[in-house]
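Positions in the sequence shown are counted from 1; adding 2 to them yields our numbering.
The beta carbon of each residue, even a glycine, is placed where N, CA and C say it ideally should be.
Working notes, beginning with the structure itself.
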Amino acid sequence: MKSVNRQFGKLVTKGEGNTAKVSVLLNDYENADKTLTKIIDASKAWRDAWVSILGVQLNTATAFEELYQPIIGTSDDHRDDPVLTPQHIIDRASSLKDTFAELKTELLQEVILMDTRVIQPATQAKDYLQPLRKSIKKRENKRLDWERYIDRVQHAQKKIKRTDRENASLAKAEEEMARAAEAFKVVDDHLRETLPPLIAAAFSILPHLLAVQIMIQNTLLAQYYTSMHNYAEDAGFASPPPPMEQVIETWTRDFKPTQQQVEGITVIARGKAVHQSMSLGDDGAKKTGAGLTARNGLMGRRTSSTNLAPNSAATTPGERVMRIPSNTSMLSVSRQDRSPSPAPSYQSSYSAHSNSGAGGDYFVAASQKKKPPPPPPKRINSTALHAVAQYAFDGQNAGDLSFKEGDRIRVVKKTDSTDDWWEGELRGVKGSFPANYCKLS
Numbered sequence: 003m004k005s006v007n008r009q010f011g012k013l014v015t016k017g018e019g020n021t022a023k024v025s026v027l028l029n030d031y032e033n034a035d036k037t038l039t040k041i042i043d044a045s046k047a048w049r050d051a052w053v054s055i056l057g058v059q060l061n062t063a064t065a066f067e068e069l070y071q072p073i074i075g076t077s078d079d080h081r082d083d084p085v086l087t088p089q090h091i092i093d094r095a096s097s098l099k100d101t102f103a104e105l106k107t108e109l110l111q112e113v114i115l116m117d118t119r120v121i122q123p124a125t126q127a128k129d130y131l132q133p134l135r136k137s138i139k140k141r142e143n144k145r146l147d148w149e150r151y152i153d154r155v156q157h158a159q160k161k162i163k164r165t166d167r168e169n170a171s172l173a174k175a176e177e178e179m180a181r182a183a184e185a186f187k188v189v190d191d192h193l194r195e196t197l198p199p200l201i202a203a204a205f206s207i208l209p210h211l212l213a214v215q216i217m218i219q220n221t222l223l224a225q226y227y228t229s230m231h232n233y234a235e236d237a238g239f240a241s242p243p244p245p246m247e248q249v250i251e252t253w254t255r256d257f258k259p260t261q262q263q264v265e266g267i268t269v270i271a272r273g274k275a276v277h278q279s280m281s282l283g284d285d286g287a288k289k290t291g292a293g294l295t296a297r298n299g300l301m302g303r304r305t306s307s308t309n310l311a312p313n314s315a316a317t318t319p320g321e322r323v324m325r326i327p328s329n330t331s332m333l334s335v336s337r338q339d340r341s342p343s344p345a346p347s348y349q350s351s352y353s354a355h356s357n358s359g360a361g362g363d364y365f366v367a368a369s370q371k372k373k374p375p376p377p378p379p380k381r382i383n384s385t386a387l388h389a390v391a392q393y394a395f396d397g398q399n400a401g402d403l404s405f406k407e408g409d410r411i412r413v414v415k416k417t418d419s420t421d422d423w424w425e426g427e428l429r430g431v432k433g434s435f436p437a438n439y440c441k442l443s
């Protein structure tokens, strides 16, 4: 009942228990608590962003180094000699990877300082303020009790003629009002004495936290700029870089011919990704490069286990997938110009190096040859197959199936490899999901 009365008391006009000075103290307390919370959250986000940047850059440089290395098993008798990637490009990619690896090692030591120099002090200051929240709550309850007794006494005093019973109730109410006033005065005095120094201390550390963050940021940027400037000079790049318009123009001139050649391959030209717009923004839209996404099989996602050679081995999650040998088939083409007699059909292969593709006439012949009819689909067993999610996955492209750890996904279509993307259904939604994130039940 007392709790109900207090809740009702909060709706009425503030009484004499809430003076302007106390209201200012309470507002300052809330501002200090909110400011420290924002500093902690923003510092953690800043730290995580730097860790992500350093990791992504190193992974990207490593991928470029592996991309330029020769493909294993390119000595096929039925194909032309591959064009080797120039050694200076391979050396430049290896140097970039070494630079990013050194940057990650050195800069992570500076990034970790954000924990000890900013996040921990702000968290400790916030923890010192938390016990006072109980005192503020207690003071508020005492104030509401006191004002409730004041209203009761004033209501009883309005009666000019009172019975003995009413006089006794009035006397009792006055005694309770006096006790409530005394209890409120005790907690109010304690709060008036304790709040100001703690609030002043909390606000006083804010300039120091800001100064430390600026120092760490300047150190990171200076070290980062120095390392990249030295790499640019050693590799023959302009430092500072040319205007962005010139960079885009050069990239477009070198990229468009390769894009047209790759998208001329039949298996790619008939896919849906090649017809999508090339969106490279960071606004959450689908990100595709030249109409080719990682989901079309060019960056590790395989469309079917039948596209791989029988001796291709599956890898565990996190293990780097070896590059596909040249005798691994992706596209069936019949060669009729080798000899007058009919030659058995064989399967073509990718180029031995990333920066050089097969001859243009080769892809033209492959695109003009009519594709054989696809094999009939396998019959689906009556027993449904399910996979249990071992990790959470948020869909990155349209058609991806998002799920949480522990979700039970009904497998609609699968391959023989767990390093592939399968089709599944979860809670009435169908889509593609990474098989190595799940375990068949």
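Let me know if residue i comes out buried or exposed under the rule of 16 or more other beta-carbons within 10 Å of its beta-carbon.
i, result
"Ala203", "exposed"
"Ile218", "buried"
"Phe435", "buried"
"Asn61", "exposed"
"Tyr393", "exposed"
"Ala180", "exposed"
"Thr101", "buried"
"Leu222", "buried"
"Trp253", "exposed"
"Arg429", "exposed"
"Pro63", "The question names Pro, but residue 63 in the sequence shown is Ala. Burial call: buried."
"Ile250", "exposed"
"Ile411", "buried"
"Ser45", "buried"
"Gly426", "buried"
"Ile92", "buried"
"Tyr31", "buried"
"Phe405", "buried"
"Gly238", "exposed"
"Met246", "exposed"
"Leu146", "buried"
Just to confirm, are residue i and residue j a CB contact at a threshold of 8 Å?
i, j, result
"Arg194", "Val26", "no"
"Gly408", "Val390", "yes"
"Ile201", "Ala34", "yes"
"Leu109", "Leu56", "yes"
"Asn438", "Asp418", "no"
"Leu98", "Ser229", "no"
"Lys144", "Val113", "no"
"Gln225", "Val120", "no"
"Phe205", "Trp148", "no"
"Phe66", "Ala95", "yes"
"Ala158", "Ala182", "no"
"Tyr151", "Glu178", "yes"
"Leu211", "Pro123", "yes"
"Asp444", "Gly433", "The question about residue 444 has no answer, for the chain in this structure spans 3 to 443."
"Thr125", "Ile42", "yes"
"Leu134", "Leu197", "yes"
For residue i, which three-state DSSP category applies?
i, result
"Ala394", "coil"
"Ala389", "strand"
"Pro123", "helix"
"Arg164", "coil"
"Ile207", "coil"
"Gln71", "coil"
"Pro133", "helix"
"Leu86", "coil"
"Pro463", "No statement about residue 463 is possible, as the shown extent of the chain runs from 3 to 443 and does not include it."
"Lys274", "coil"
"Leu310", "At Leu310, the pLDDT of 38 sits below 50, so the modelled position is not reliable; the number obtained from the coordinates is stated separately. In the structure shown, Leu310 sits in coil (DSSP, three-state: anything other than H, G, I, E or B)."
"Arg337", "Any answer about Arg337 is weak, because its pLDDT of 38 lies below 50 and its placement is not dependable; what the coordinates show is given next. Looking at Arg337 - three-state DSSP - the assignment turns out to be coil, as it is neither helix nor strand."
"Ala22", "helix"
What residues match up with residue i in a beta bridge as DSSP calls it?
i, result
"Lys441", "Val390"
"Asp191", "Partner(s): none; Asp191 has no beta bridge."
"Asp402", "Ser434"
Could one say the Cβ of residue i lies closer than 8 Å to chain B's Cβ atoms, at least one of them?
i, result
"Arg167", "As a matter of chain content, chain B is missing from the structure shown, which is built from one protein chain."
Residue ranges of each beta strand (DSSP E) within the stretch 405 to 439, 3 or longer: If we require 3 residues or more, the beta strand (DSSP E) runs fully inside the stretch 405 to 439 come out as 410 to 415, 423 to 428, 431 to 436.
What are the complete beta strand (DSSP E) segments, minimum 3 residues, inside the stretch 222 to 272? Restricting attention to beta strand (DSSP E) runs no shorter than 3 residues, the stretch 222 to 272 encloses none.
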